[in-house]
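K.L.:
For what it's worth, the numbering used here labels the leading residue of the sequence shown as 64, then goes sequentially. Note that CB positions come from ideal geometry on N, CA and C, so glycine has one too. None of these values were measured; they are calculated from a predicted model. Mind having a look at this structure? Questions to follow.
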Amino acid sequence: MAIFSLRVSCMSRSRGQSATAAAAYRTATRIKDERTGELHDYSRKGGVVHREIVIPDGAPMWARNRERLWNAAEAAETRKNSCVAREFMVALPAELKSDDRRRLAMDMARALASKHRCAVDVSVHRPGRGGDTRNHHAHLLCTTRRLQVNGFQEKTRELDDAKTGEIDYWRRQWESLANARFKERGLDIRIDHRTLEAQGIDRVPTVHKGPLLTALERRGIEARVSRRLDRERAEDIQARLAQAAELGRLERERESVEKSIIDLSGDLVAAQRERGRGVSGKPSAEELRRQDLEKWIERRRGKSTEPASPEDNSLDRGKTRDHGRGIDDD
């Protein structure tokens, strides 16, 4: 089953990160950082099946050189806490062939470069040895400034804050690109950028362990973090089961109460009817008395043309009291 995964993160100097180191590691290349003099050499690192730089229209050709590009990106930032690169990491569907996965990653990179006019360094990775064989993924390392003919200019700040909705836009774009490729290949598979809850799927989401924990597990090291994640996952499942049981109990109680209310309502209506009819099924003396009183009141107000009955005349002769006061007292 194809999964949706798109994560966005920033490389910040405040966390000891650099654009040159990030680019060298993800592309498994060698880059010297001109600002610090440090050499980042990951050329012996395996697992990278494709690497390519995408630049926007009108950008200078020197930006296609990885070392020059990321050193220029570092030089454009002057603050010690600057965000020097932004990364989009996406899961590539294992159901697609290798060339389709590469094309899918490049389509996303070109869309990013075109919309935000930034440079995008793409590296497609295959699953690691001993890991999940479906873990094909791509790193799209983007410059945080727009690349114009005369170099780096203003920041792409629309990507800084999730409140702008820009990240959600790219989640929808990735869903659309991947599903279009599935359809092109005649596959009935689809991915959905929404959360499991929004999709109406009652399933515990998977936990991303990250490269460090995965590397430890590959070496056979039992990590405490892994045990904690497993424990938290089991506790989450138990909490969901308990919540489902409680909801079921409350629903049964609600149905029982509603049934009792309906039964009581029916009994009350029946009792009121019996009271009006009397035991014989005919109107009771109290009901007849009430009807006579209503007719008498209507006649007194001139709204009734019926001749007065003996009972009505008795009402005129007597003094019907209401709380100690005669009706004629008004």
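(1) Short of 7 Å in beta carbon distance, which residues of its chain neighbour S68, apart from the five on each side in sequence? Order them along the chain.
(2) Between the alpha carbons of T207 and V147, how many angstroms are there, rounded?
(3) For R142, which option in S77, G249 and L159 has the closest C-alpha, if you only look at C-alpha atoms?
(4) To the nearest angstrom, how far is it from the Cα of M171 to the Cα of M74?
(5) Looking at I230: is its Cβ nearer than 9 Å to the Cβ of N242?
(6) In angstroms, rounded to a whole number, what distance separates the CA positions of L109 and H200?
(7) Quick check on A136: buried or exposed, where buried means 16 or more other Cβ atoms within 10 Å of its Cβ?
(8) What residue range does the alpha helix (DSSP H) around E349 cover?
(9) Whole-angstrom Cβ separation of H103 and T83, contact assumed at under 8 Å?
(10) Answer yes or no: do P119 and L210 have a C-beta to C-beta separation smaller than 9 Å?
(11) Determine whether the beta carbon atoms of R180 and T219 lie at a separation below 9 Å.
(12) Determine the closest residue to S81 out of T227, A139 and R70, with distance taken between C-alpha atoms.
(13) Quick one: give me the first and last residue of the beta strand (DSSP E) that S72 is part of.
(14) To which residues of the same chain is H113 closer than 6 Å at the C-beta, ignoring the five residues directly before and after it?
(15) Can you tell me the Cβ-Cβ gap for E150 and L203, rounded? I've got them flagged as a contact below 8 Å.
P.N.:
Quick answer:
(1) Here the set comprises V153 and A154.
(2) The alpha-carbon of T207 is positioned some 6 Å away from that of V147.
(3) In this structure, S77 is the residue among S77, G249 and L159 with its C-alpha nearest to the C-alpha of R142.
(4) Going by the C-alpha atoms only, they are around 20 Å apart.
(5) In this structure, I230 lies away from N242, with their beta-carbon atoms at least 9 Å apart.
(6) Note that residue 109 corresponds to Gly in the displayed sequence, not to Leu. When rounded, the distance between both Cα atoms is 14 Å.
(7) That one is buried.
(8) E349 -> alpha helix (DSSP H) spans A348 to R363.
(9) Yes, they are in contact, since the Cβ atoms of H103 and T83 sit about 6 Å apart, within 8 Å.
(10) In contact: P119 and L210 (Cβ atoms closer than 9 Å).
(11) A contact, by the Cβ cut-off of 9 Å.
(12) Minimum Cα distance to S81 is reached at A139.
(13) Element bounds for S72: L69 to S75.
(14) The answer, listed in chain order, is R165 and V187.
(15) Rounded, the Cβ-Cβ distance is 7 Å, consistent with contact.
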